[in-house]
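Student: If you count by the working numbering, then the sequence shown holds residues 101 to 759, one letter each, in order.
Provided herewith is a single structure, encoded as C-alpha cells, for subsequent inquiry.
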Amino acid sequence: MSSVLDQRRSAPPAGASRPAPPRRRTRLLALPEARWALAALVLFLLALPVHLLDGPTWLWGPLFAATYVTGGWEPGREGLKALKDKTLDVDLLMVVAALGAAAIGQVLDGALLIVIFATSGALEAVATARTADSVRGLLDLAPTTATRLLPGGTEETVGTEHLAVGDTILVRPGERVGADGQVLDGASDVDQATVTGEPLPVAKQAGDEVFAGTVNGTGALRVRVGRDPSDSVIARIVAMVEEASETKAPTQLFIEKIEQRYSIGMVVATLAVFAVPLAFGDTLDSALPRAMTFMIVASPCAVVLSTMPPLLAAIANAGRRGVLAKSAVVMERLGRIDTVALDKTGTLTEGTPYVTDLCPLPGSGLDETTLLALAASAEHPSEHPLARAVVAAARERGLPLSDVEDFTSTPGQGVTATVDGHAVTIGAPARLLDDAAHEPHREVVAGLEEAGRTAAVVLRDGVPVGVLGVADRLRPDAAATVAALTRLTGRTPILLTGDNERAAKHLAAEVGITEVRAGLLPQDKVAAVKEWEARGRRVLVVGDGVNDAPALAAAHSGIAMGKAGSDLSLETADAVVVRDELATIPSVVQLSRTARRLVIQNLVVAGTFIALLVAWDLIGALPLPLGVAGHEGSTVIVGLNGLRLLRETAWPRLTEDTA
C-alpha cells in the first residue's frame with residue numbers, strides 16, 4: 101500500500117536512483133532586452149539627481165544621452181522594421197516623441213519615456229522566456245530510459261523514445277512509468293497526481309491503464325506499451341501548452357489597441373501643422389516652433405501614463421497580499437473575466453488527506469480513540485498517504501502507538517501487522533467485506549463513500565472492528581471564495597477535476613458549486629475551456645498541478661496556487677497566489693476592475709488636456725513653456741490618480757459588498 105504521493109515531500113524508496121532533474125530556467129540577464137532595460141534604468145537613476153539639483157550639464161547630459169541610446173535603440177529598430185512593412189507602431193512614436201522632447205529642452209521627460217518602454221519590452225521578453233522554460237521542464241517528468249523485457253526473459257535498458265507499441269517494460273518500485281500502457285502483471289499503488297490530480301495513489305493491477313511520468317509505489321509492474329512515447333499523455337500536455345501559448349490571442353493593453361491610428365494621426369497632423377502654414381506664406385521660424393509645440397502637447401506621454409500607473413500600483417498592492425500578477429496586461433485581463441473554472445485537489449482543497457470519520461463497529465468493544473490508536477499503530481511503518489493521515493490524526497490527539505511485529509504491505513490491498521498480540525489488517529472494503537455476513541458493515545462504508553470519503557476497514561483477528569473515513573481537507577475560505585466569485589461574475593464557478601465524480605460532487609455541494617466536470621484528463625480540461633470561450637466567455641482557470649497547465653495556458657486568464665503548485669503551472673499561469681489564500685482571488689479580480697476604471701478616468705483626463713492644448717496651439721499661439729506645463733501637468737495628474745491603488749484601503753475585502 102506504500103507509494104510516493106509527491107516527490108517533493110518524500111524521499112524515494114531505498115535503492116531507487118532518481119536524481120532530481122536539472123532546473124531549466126533562462127537567467128534574467130541572459131535576455132538582451134533585460135540587459136538594455138537595466139542599463140537604461142541605471143543611467144537614468146544616475147542622471148536624475150544631478151539634473152534635479154541643477155548640476156552641471158556636462159555631467160547629466162551624457163548620462164541622459166546614454167539612457168536614450170541604451171533604452172531606445174531596440175524599440176527604435178523594431179519601429180523602423182514595422183515602418184518598412186508599412187506599419188507605424190507606438191514604439192517608434194515614443195522614440196520620436198522622446199527625441200522631440202529632448203530637442204526643445206525636455207530631456208528628463210524623454211528619458212523617462214524611454215525607460216518606461218524599455219522596461220515594458222524587457223518584462224514581455226522575460227514572460228516569453230519563462231513560458232518556454234516551463235514547457236521544456238515538463239519533459240523532465242517523463243523518464244528518459246525504461247527497462248524493456250525481451251522474449252527470452254532478459255532485460256535491456258533503452259531510451260523511452262525507442263519504445264514501440266506492444267513492447268513490455270518492467271517498472272520497479274519508486275520508478276516513473278516509462279510509457280502509457282496496460283498492466284500485464286503485478287500490483288502496486290501509482291501516484292497519478294501529475295496527470296489526473298487525484299490526491300491519493302491509485303491501486304493498479306493486471307488490466308489497468310498507467311500513464312508515462314506517473315510514480316510507481318512499492319510493487320513491481322510489467323506494462324505493455326499502448327502508445328508511442330511521442331503520443332503519451334505527458335507529451336500531449338507539452339504539445340497543448342505550446343499550442344495554447346502560440347495560438348492564444350495576442351494580449352494588448354487598453355491604449356495599445358488604438359496605437360496604430362493614433363501614431364499615424366499624430367505624425368500626419370504634426371507634418372500638416374508644419375507644412376500648411378509654410379504653404380500659405382508663414383516663416384520657418386514661426387512654423388517650426390508651432391509644429392514642435394504641437395508634437396509635444398499631442399504626444400501620448402499622459403496617455404501612456406494613464407494606463408501604466410493604475411495597473412502597476414494594482415500589481416504592487418496585490419503583491420503585498422501574496423498575489424503575483426506577471427504583467428500589466430495580466431492585471432488588466434483579470435478584471436474582464438466572466439466565468440471561473442476551479443480545480444479541486446490543491447485548489448479548493450489543501451491536497452493532503454486527513455481522517456474525517458472514525459466508526460467503531462457494534463460489538464467491537466472499541467471507541468473512536470482506541471480504534472484510531474489501533475489503526476495508527478498498524479499503519480505507522482507504511483509510507484502510503486492514507487497511512488500518514490491516520491498516524492497524523494493519532495498524534496494530533498496525543499495517542500501512544502504500540503510496537504508492531506510482522507508488518508507487511510500488499511500494493512493495492514492494504515497492510516497487515518501484529519499489534520499487542522492481535523493480527524490487524526487495514527485495507528479496501530471491497531476486499532475485506534466480501535460475504536453476506538458483512539452487509540451491516542458495508543452500509544457504514546456506503547454512507548462514508550456517499551459523503552465523498554475514502555473508506556478503509558480495520559480487522560482485528562479477522563473480525564471487522566471499525567471503518568475509517570479519509571478525505572482531502574477543504575480550504576477554510578473555499579465557500580466564501582466561491583460565493584464572492586459568483587457575485588463578481590454573475591455565474592457560479594465550475595469545478596474541473598480529474599478526481600472521481602462522487603467525491604467531486606460532494607465537495608462541490610459543500611462550497612456551493614452546481615456544475616461539476618469530473619474524471620478529466622488535461623486535454624478534457626482544455627476542451628471545456630475552449631468550449632466556453634467559443635461561446636464568448638472570458639474564462640479564469642485556477643489550478644495547481646501539471647494536469648492544469650494546458651487549461652491555464654488556454655484560458656483567458658490563469659491563476660496558480662503557489663505553495664503546492666507544479667513548476668509548469670506556476671510558469672504557465674498569468675498570476676500566482678503565493679500563500680495559497682484562496683480568498684485573494686476574488687479580491688484581485690475586483691482590484692483589476694478598479695484599476696480598469698481608473699485607466700478610463702485617466703484617459704478621459706489625458707484626452708481632454710491634449711484636445712484643449714492642441715486646439716489652443718492650432719487656433720491661437722500657445723507659448724511653448726505653457727504647452728509643456730500643460731502637458732506635464734496632465735501627466736502628473738493621471739500618474740497620481742493611478743497611484744491611489746497603492747493604498748492599503750484599495751485592496752478589496754472578501755465581504756458581501758465586494759461585488
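Cβ atoms here follow ideal geometry from the backbone N, Cα and C, with glycine treated the same way.
Since the model is a prediction, treat every value here as computed from it, not as a measurement.
Short of 6 Å in beta carbon distance, which residues of its chain neighbour Ala-202, apart from the five on each side in sequence? Order them along the chain.
Tutor: Gly-210, listed in sequence order.
Student: Mapping DSSP to helix, strand and coil, what is Ser-692?
Tutor: Note: Ser-692 maps to helix in three-state DSSP.
Student: Roughly how many angstroms lie between the CA atoms of Phe-144 and Glu-671, to the nearest whole one?
Tutor: Approximately 31 Å between the Cα atoms of the pair.
Student: According to DSSP, is Ser-399 helix, strand or coil?
Tutor: Three-state DSSP puts Ser-399 in coil, outside helix and strand.
Student: What separation, rounded to the nearest whole angstrom, lies between the Cα atoms of Trp-716 and Met-408?
Tutor: For Trp-716 and Met-408, the distance between alpha carbons rounds to 28 Å.
Student: For Pro-453, count the other beta carbons within 10 Å of its own beta carbon; 16 or more makes it buried, fewer makes it exposed. Which is it?
Tutor: Buried, by the Cβ-count rule.
Student: So what's His-480 in DSSP terms, helix, strand or just coil?
Tutor: DSSP places His-480 in coil when its eight states are reduced to three.
Student: Would you kindly work out how many angstroms separate the C-alpha atoms of Ala-487 and Gly-259, rounded to a whole number?
Tutor: Cα-Cα distance, rounded: 35 Å.
Student: When you compare the CB positions of Ser-760 and Gly-435, do they come within less than 8 Å of one another, or not?
Tutor: The shown model of the chain, from 101 to 759, leaves out residue 760, and the question about it has no answer.
Student: Where do the N-terminal and C-terminal ends of the alpha helix (DSSP H) with Pro-622 fall, by residue?
Tutor: Its alpha helix (DSSP H) spans residues 622 to 634.
Student: Give me the Cα-Cα distance between Phe-709 and Leu-703, rounded to the nearest whole angstrom.
Tutor: If I take the Cα positions, the gap works out to 10 Å.
Student: With contact counted as at least three CB pairs below 8 Å, one residue from each stretch, are the region 460 to 469 and the region 620 to 631 in contact?
Tutor: Result no; under three Cβ-Cβ pairs closer than 8 Å.
Student: Could you check where the beta strand (DSSP E) with Leu-585 kicks off and where it finishes?
Tutor: Taken as a continuous stretch (DSSP letters only), Leu-585 belongs to no beta strand (DSSP E), being part of the alpha helix (DSSP H) at 578 to 589.
Student: Could you pull the start and end residues of the beta strand (DSSP E) that Gly-527 belongs to?
Tutor: Residues 522 to 527.
Student: Please state whether DSSP places Thr-347 in a helix, a strand or coil.
Tutor: Confidence at Thr-347 is low in this model, with a pLDDT of 45, below 50, so its placement is unreliable and no value can be given for it.
Student: What is the rounded straight-line gap between the Cα of Ser-369 and the Cα of Thr-157?
Tutor: It is Ala, not Ser, that sits at residue 369 in the sequence shown. So the alpha carbons of these two residues sit roughly 33 Å apart.
Student: According to DSSP, simplified to helix, strand and coil, what is Ser-509?
Tutor: Reduced to three states, the DSSP call for Ser-509 is strand.
Student: Considering only the beta carbon of each residue, do Thr-247 and Leu-284 sit closer than 8 Å?
Tutor: In this structure, Leu-284 does not lie closer than 8 Å to Thr-247 by Cβ.
Student: Closest to Arg-553 by C-alpha separation, out of Leu-607, Gly-566, Arg-587, would be which residue?
Tutor: The option with the nearest alpha carbon to Arg-553 is Leu-607.
Student: Could you spell out the range, first to last residue, of the beta strand (DSSP E) harbouring Pro-564?
Tutor: Residues 563 to 574.
Student: Gly-720 to Phe-164, Cα distance in whole Å?
Tutor: Gly-720 and Phe-164: Cα-Cα distance of roughly 33 Å.
Student: At which residues does the beta strand (DSSP E) containing Val-616 begin and terminate?
Tutor: Start and end: 615 to 617.
Student: Helix or strand or just coil, what does DSSP make of Ser-386?
Tutor: It is helical.
Student: Please confirm whether Ala-628 and Ala-618 have their CB atoms less than 8 Å apart.
Tutor: No. Outside cutoff.
Student: With distances taken from CA atoms, which of Val-196, Val-616, Val-639, Val-277 is nearest His-656?
Tutor: Checked all of Val-196, Val-616, Val-639, Val-277; the closest Cα to His-656 is Val-639.
Student: List the residues that DSSP assigns as beta-bridge partners of Met-661.
Tutor: Note: Met-661 sits in a beta bridge opposite Val-677.
Student: Assuming Ala-312 is part of the beta strand (DSSP E), what are its boundary residues?
Tutor: Ala-312 -> no beta strand (DSSP E), and no H or E assigned at all.
Student: Measuring straight from C-alpha to C-alpha, what distance separates Ala-147 and Ala-140?
Tutor: About 11 Å.
Student: Compare the Cα-Cα distances from Gly-93 to each of Gln-206, His-151, Val-215, Pro-149 and report the closest residue.
Tutor: One cannot answer for residue 93 here, as it falls past the ends of the chain, which runs 101 to 759.
Student: In its own chain, which residues sit with a C-beta less than 7 Å from the C-beta of Glu-479, not counting the 5 before and 5 after it?
Tutor: Here the set comprises Ala-487, Val-490, Val-491, Val-515, Ile-526.
Student: Tell me whether Glu-275 sits in a helix, a strand or coil according to DSSP, three-state version.
Tutor: Three-state DSSP puts Glu-275 in coil, outside helix and strand.
Student: Taking its Cβ as the centre, do 16 or more other Cβ atoms sit within 10 Å of Lys-181, making it buried, or is it exposed?
Tutor: Counting Cβ neighbours within 10 Å, Lys-181 comes out exposed, since fewer than 16 surround it.
Student: Using the Cα positions of Leu-596 and Glu-615, report the straight-line distance between them to the nearest angstrom.
Tutor: The straight-line gap from Cα to Cα measures roughly 9 Å.
Student: Taking Cβ to Cβ, would you say Leu-461 is nearer than 8 Å to Val-565?
Tutor: Yes. Within cutoff.
Student: Report yes if the C-beta distance between Arg-276 and Thr-314 is below 8 Å; otherwise report no.
Tutor: Contact flag set, yes.
Student: Given a cut-off of 8 Å, decide if Gly-326 and Gln-282 are closer than it, judged by their beta-carbon atoms.
Tutor: Closer than 8 Å, so yes.
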